[in-house]
Amino acid sequence: MVITSHFMAFDFGTWSIGVAIGQQVTCTANPLTTLKVHDGLSHWKKIEKLLNEWQPDMVVVGLPLNMDGSEQPLTARARKFANRLHGRFNIKVVMHDERLSTIETRAKLFALGGYRALDKGQVDAGSAVIILECWLKNTFKNNSNIQLPSSL
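Using my numbering, the first residue of the sequence shown is number 8, and each one after it goes up by one.
Shown next, in the form of structure tokens:
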């Protein structure tokens, strides 16, 4: 019997947060939604609803870094968001490098529908998909006997 683990990803931003859900068997993910951020505050009730509905085994949060790997101002805020997810919902959280995820998402959406397809919500949720799929492939395709991390 194959036990499937489900994972949720967040592409954290100061204006919006993209959300995706995926599973380890195929290492694929799908966009769920984009949450708007108001006054710098995340919608914790909406996040709680998503977590309750999808019951992920773990959450992956995109880690924004500069191209040289150094941290940028948004890095600390994304870490804070990840820590709050863990603290509020007692769920395992890992962070994954999100460099170029938005650029890749924009290119895919543009190829599908030109400029009209470049809706901000689709870009953010699509970036969460790329973050999660990269993490899934790095974690499960490269390591057959992986243990899930306990937390941040």
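Backbone N, C-alpha and C define an ideal beta-carbon position, used for all residues, glycine too.
On the three-state DSSP scale, how would you describe W136?
-> In the sequence on display, residue 136 carries Val and not Trp. If DSSP states are grouped into helix, strand and coil, V136 belongs with the helices.
Do A27 and L42 have their C-beta atoms within less than 8 Å of each other?
-> no
Could you check what DSSP says for T82 in three-state terms: helix, strand or coil?
-> helix
T33 to F14, Cα distance in whole Å?
-> 12 Å
How many Å lie between L58 and G69 at the Cα?
-> So the alpha carbons of these two residues sit roughly 17 Å apart.
Does DSSP classify D75 as helix, strand or coil?
-> coil
Check whether the Cβ atoms of E105 and G29 sit closer than 8 Å, and answer yes or no.
-> no
By Cβ distance below 8 Å, which residues in the same chain neighbour V100 in space, the five residues on each side in sequence not counted?
-> M65, V66, V67, V68, A89, N90, L92, H93, S158 and L159
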